[in-house]
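K.L.:
For the record, in the sequence shown the residue sitting at position 167 is 891 according to this note's numbering, with numbers rising by one throughout. Here a beta-carbon is modelled for each residue, glycine too, at the ideal position from N, C-alpha and C. Since this is a predicted model, take the numbers as computed values, not measurements.
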Amino acid sequence: MNQNPISPVLSIVILGGIFFASCGGNTDQKDNSSTDSSNKSTTETISQNKKGFSDVIIEGTDQMKFSLSTIEVNAGDTVQITFINSGKMPKEAMGHNWTLLQSGVKLEEYAVEAAKYKDNQYQVKGREKDVIAFTQILGPGEKEILKFPAPIKGNYKFICTFPGHYGIMQGDFIVK
Ligand SMILES: [Cu+2]
Numbered sequence: 725m726n727q728n729p730i731s732p733v734l735s736i737v738i739l740g741g742i743f744f745a746s747c748g749g750n751t752d753q754k755d756n757s758s759t760d761s762s763n764k765s766t767t768e769t770i771s772q773n774k775k776g777f778s779d780v781i782i783e784g785t786d787q788m789k790f791s792l793s794t795i796e797v798n799a800g801d802t803v804q805i806t807f808i809n810s811g812k813m814p815k816e817a818m819g820h821n822w823t824l825l826q827s828g829v830k831l832e833e834y835a836v837e838a839a840k841y842k843d844n845q846y847q848v849k850g851r852e853k854d855v856i857a858f859t860q861i862l863g864p865g866e867k868e869i870l871k872f873p874a875p876i877k878g879n880y881k882f883i884c885t886f887p888g889h890y891g892i893m894q895g896d897f898i899v900k
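(1) With DSSP run on the structure shown, which of helix, strand or coil describes Leu824?
(2) For chain C, check one thing: does any of its Cβ atoms lie closer than 9 Å to the Cβ of Ile883?
(3) Going by Cα to Cα distance, which pick from Phe882, Pro873, Lys867 and Gly888 is closest to Lys830?
(4) Measuring only the C-alpha atoms, how far is Gly828 from Ala835?
(5) Could you have a look at Lys867 and say whether DSSP puts it in helix, strand or coil?
(6) Is the CB-CB distance between Ile856 and Tyr880 below 9 Å?
(7) I'd like to confirm the pairing. Which residues does DSSP put opposite Gln894 in its beta bridges?
(8) Would Ile795 and Ile782 be called neighbours here (beta carbons separated by less than 9 Å)?
(9) At a cut-off of 8 Å, would you count Phe897 as near ligand 1, judging by its Cβ distance to the nearest heavy atom?
(10) Under 9 Å, do Gly776 and Gly811 count as touching if we go by C-beta distance?
(11) Can you have a look at Lys764 and say buried or exposed, based on whether 16 or more other CB atoms are within 10 angstroms of its CB?
(12) Please classify Asn821: is it buried, with 16 or more other beta-carbons within 10 angstroms of its beta-carbon, or exposed?
(13) Rounded to the nearest angstrom, what separates Ala874 and Val797 at their Cα positions?
(14) Excluding five sequence neighbours on each side, which residues of the same chain lie with their C-beta closer than 7 Å to the C-beta of Glu866?
(15) Which term fits Ala838, buried or exposed, when burial requires 16 or more other beta carbons within 10 angstroms of its beta carbon?
(16) Could you tell me if Glu868 is buried or exposed, where buried requires 16 or more neighbouring beta carbons within 10 angstroms of its beta carbon?
Here it is in structure tokens:
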């Protein structure tokens, strides 16, 4: 098996995450028993931590659903997607990923083709340019953080490419 382009992208993403985490400027976290920022469940809107940064938490569930149907970010932002499989079902039966398609890519066409690529995280080999960012297929309780620059202004689609999921597991990713 050759090294496909997935690895460098994810490496950058993960390194970016570490970089950001280590540079976090929050110093007043102690002695605050009622910190609700970390356990707030984000179900409908994204939280904008600070200018230029979009922090998005999204879950995939055993009901084959994403917890968000729309994600809005600002052009020029660094986007951080924390994707969590919050279900309990086995990965083989109810695995999920979060995949952001390039604009103009036909969602159904891509998803149907992607279902043939189990050995490639259900991403189509040779169509890497059609995908802006994606997580691995996650099993129950697993989490992955992506970080990438927001694409240019426009409307995009995010989907789960696990076979049979895209019909329900899809949403709008809007760059304003
Ligand atoms: Cu799924």
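P.N.:
So, to answer that:
(1) strand
(2) Judged by its chain identifiers, the structure shown contains no chain C, having just a single protein chain.
(3) Phe882
(4) 14 Å
(5) strand
(6) yes
(7) Ile883
(8) With respect to the 9 Å criterion, Ile795 and Ile782 are classified as neighbours on the basis of their beta carbons.
(9) no
(10) no
(11) Confidence at Lys764 is low in this model, with a pLDDT of 39, below 50, so its placement is unreliable and no value can be given for it.
(12) When all chains shown are included, Asn821 counts as buried.
(13) 7 Å
(14) Asn809
(15) buried
(16) buried
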